Amino acid sequence: MPDFPSFSDLFRTGEAEALWRNPRITREEMERRGSDLNNLMASAAAMGDEIVGQLAKLRKDLYLGTAEDDALDRLILDRYPDLFRKQAAPSYGYVTFSLPSAAAATFVIPDGTVVSSPDTQFIVIGDHNFTAGSTSKTVPIRSTLAGARQKAKSGVINSIISSIPSAPTTITCSNTAATFGGEDKETDADYATRAKRYFLAARRGTLGAIETAALSVPGVVRATAFENYDTLGRPIGYVQLVIADGYTDQFVVTGTPAAYASQAAVLTTAIQSTLNEYRPAGVGVEVTIASVVLQTIRIALAYAAGVDQDAIKAIVRTTIIQYVNNLSPGETLSLDNLREKIRGISGIVYTGNEVLSPTGNVVPSAGQVLRTSLTFTTVD
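Each residue of the sequence shown is one higher than the one before, starting from 666 at the first, in my numbering.
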């Protein structure tokens, strides 16, 4: 498809038309900056250029691959009225209130009680009785704000901001497990991908539909569904759904791949509720949080003369980390894909031997997801 005409194209078109209609007009006078003819033609070209700009934006907003922000929302909702963009989601977790000795009397930890980590505030969900004779009470919490930055690692929610009526002054709080959920607003790329899969989901009952249903739940970043078979290769009546959420990537930061299923009760319940409208009748879906496998990657580059090697290293490292951390549960880390990512970066003399580690494709099991970070990615 040809490009839209630029200001210069419009000016030249108008100039050629004027010269053809009136031979007494000279090109020199037409192009002399500030002349009456030049001003007249430039003004017309400027107005045309403004209209062309609007047409270009309109064409861009007509396609899933190019529309952005509100334009993408309008495009998708016009075609699929029930397919909304996922908004930023708060993180959830549990905090345990403790006393050094048994409580003398029952008191209530009220709904909305504010507790805090050094960076994030959380509120208690619902009223909870701290019964007489108890030394601790675990209650659910959620972050007061939404977004990927509203998560907390284990053991950091230690401040009680709100007063708790009738509670002893010695009461303390702590979270034994990290919070989960907490996602930013869905990106244009992810929203467009869900829209492209809409008709797969509309058929319901398929693996693609189950994956799409899981991805519609706030907090779920990646989802992969697998059928289970008996020894004769026959389906045995249930599907395994492996998901990764924003908390999955915290393992990369902390370097501590820990069991997560016990912390994801709220998220799993939300997924199961959504799946009731997508899974085939009589077929169970087992939801599993992906077990993170941290992958070490070593790259050795050859550089073109005169390039900024440090800048290229940073670009390569970031590109590789983004590729690996966008793999779905069970998806293979392909050496060919790694090489293609490197090959597309300017300033590198590509040889095909850049990847030193891993030495072959890395294939996770169905319940695993591959991730990496700056700590595990070396570029020389």
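Here a beta-carbon is modelled for each residue, glycine too, at the ideal position from N, C-alpha and C.
Computed from a prediction, not measured in an experiment: that's the story for all the values here.
- The straight-line gap separating the alpha-carbon atoms of Q815 and S756 is approximately 6 Å.
- For G947, the CB contacts under 8 Å within the same chain, skipping 5 residues up- and downstream, are G902 in chain order.
- For I788, the enclosing beta strand (DSSP E) starts and ends at Q786 to V789.
- The three-state reading of DSSP puts F669 in coil, since its state is none of H, G, I, E or B.
- Your pair L1000 and V1020 checks out as a contact, with CB atoms roughly 6 Å apart and the cut at 8 Å.
- Only buried fits N990, as 16 or more other CB atoms lie within 10 angstroms of its CB.
- Residues of the same chain with a CB within less than 7 Å of the CB of T778, apart from the 5 flanking positions on each side, are I788, V789, S827 and I829 in chain order.
- I954 is bridged by DSSP to I908.
- Scanning the stretch 817 to 869 from its first residue to its last, the whole beta strand (DSSP E) runs of 3-plus residues come out as 837 to 839 and 845 to 848.
- In this structure, A754 lies near E848, with their beta-carbon atoms less than 7 Å apart.
- Between A909 and R887, the gap from beta carbon to beta carbon is short of 7 Å.
- Counting along the chain, the unbroken beta strand (DSSP E) around N893 starts and ends at V885 to Y894.
- Here A969 is actually not in contact with G1009; their C-beta atoms are around 14 Å apart, not less than 8 Å.
- Ranked by how close their Cα comes to the Cα of L1035, the residues T1016, K1006, I986 and I1007 have I986 in first place.
- Scanning the stretch 938 to 1001 from its first residue to its last, the whole beta strand (DSSP E) runs of 3-plus residues come out as 949 to 954, 956 to 959 and 962 to 964.
- Annotation for R807: the continuous beta strand (DSSP E) segment containing it runs S801 to S808.
- DSSP lists V773 as the bridge partner or partners of N794.
- About 11 Å separates the CB atoms of V780 and I836; that is not less than 8 Å, and the two are not in contact.
- Distance from Q905 to A955 at the Cβ level is roughly 11 Å; contact not present, criterion being Cβ atoms closer than 8 Å.
- Taking a contact to require three or more Cβ pairs closer than 8 Å, the stretch 696 to 706 and the stretch 736 to 755 do not qualify as touching.
- Annotation: T934 to A721 spans about 45 Å, alpha carbon to alpha carbon.
- Measuring C-alpha to C-alpha distances from I936 to each of S671, A879 and S801 identifies A879 as the nearest.
- For A754, the enclosing beta strand (DSSP E) covers residues A754 to S763.
- In the structure shown, the three-state DSSP call for R1004 is helix.
- Across the set E996, N1018 and L992, the C-alpha of N1018 shows the shortest separation from the C-alpha of R1004.
- L723: not part of any beta strand (DSSP E); member of the alpha helix (DSSP H) spanning D701 to K725, first to last residue.
- Within the same chain, Cβ atoms closer than 7 Å to the Cβ of R868 are found at A874, the five residues on either side in sequence being excluded.
- The C-beta of S881 has 16 or more other C-beta atoms within 10 Å across all chains shown, which makes the residue buried.
- Per DSSP, reduced to three states, the secondary structure at R744 is helical.
- Contact between V717 and F669 holds: their C-beta atoms lie close to 5 Å from each other, under 8 Å.
- Using a 10 angstroms sphere on the CB of E876, the tally of other CB atoms reaches 16 or more, which defines it as buried.
- Secondary structure note for T877: its alpha helix (DSSP H) is the uninterrupted segment L872 to L880.
- Inter-residue distance for K978 and G971 is about 14 Å (C-alpha atoms, whole angstroms).
- With contacts defined as CB atoms closer than 7 Å, D853 and E733 qualify as a contacting pair.
- Put simply, the backbone Cα of V885 is about 8 Å away from that of G846.
- From the listed residues F772, S671, Q719 and V957, the smallest Cα separation to S1038 is found for V957.
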